[in-house]
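Q: Pasting a structure below so you can have a look.
Residue numbers (this note's numbering): 4 to 138.
Next comes the structure, spelled out in structure tokens:
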């Protein structure tokens, strides 16, 4: 469900309702799967949806989608900061739904620190070069 809300938030960035076909294409799922999830999101109050119509995030759906996208972007940024470039997106997709809010918060702190102190980051990366096993 989180992937759907995050993608709906991305697709609705221009403020227009999202067509179900666009959502299923963006998520690489079959239209019947997207329809079933759209109905579920509607039932839970996250979207306004009428069969064969468009999807529009409710204020609650918008808020959750925004949080999910921010979480996704932070995790991907953190992984790229560490030098995980080739698999950063794939790894983000795998871990974003299972890590705790506390861990996300600590990742944000470390990312902020590394960006504020490039010398610290350079020292870290020279000691632990990307692509080099550390254990």
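Beta carbons: idealized from backbone N, C-alpha and C, even for Gly.
Distance, Cα to Cα, residue 70 vs residue 9?
A: Cα to Cα, the separation comes out at about 8 angstroms.
Q: Check whether the Cβ atoms of residue 20 and residue 85 sit closer than 8 angstroms, and answer yes or no.
A: Result no, Cβ atoms of residue 20 and residue 85 do not sit closer than 8 angstroms.
Q: Just the Cα atoms here: how many angstroms apart are residue 129 and residue 117?
A: Their backbone Cα atoms lie some 14 angstroms apart in a straight line.
Q: Below 8 angstroms on the Cβ atoms is my guess for residue 44 versus residue 64; work out the distance and round it to an integer in Å.
A: Right, their Cβ atoms sit about 7 angstroms apart.
Q: Count the other C-beta atoms from every protein chain shown that fall within 10 angstroms of the C-beta of residue 49, then say buried if there are 16 or more, exposed otherwise.
A: Buried, because 16 or more other Cβ atoms sit within 10 Å of the Cβ of residue 49.
Q: Between the alpha carbons of residue 35 and residue 58, how many angstroms are there, rounded?
A: So the two alpha carbons sit approximately 15 angstroms from each other.
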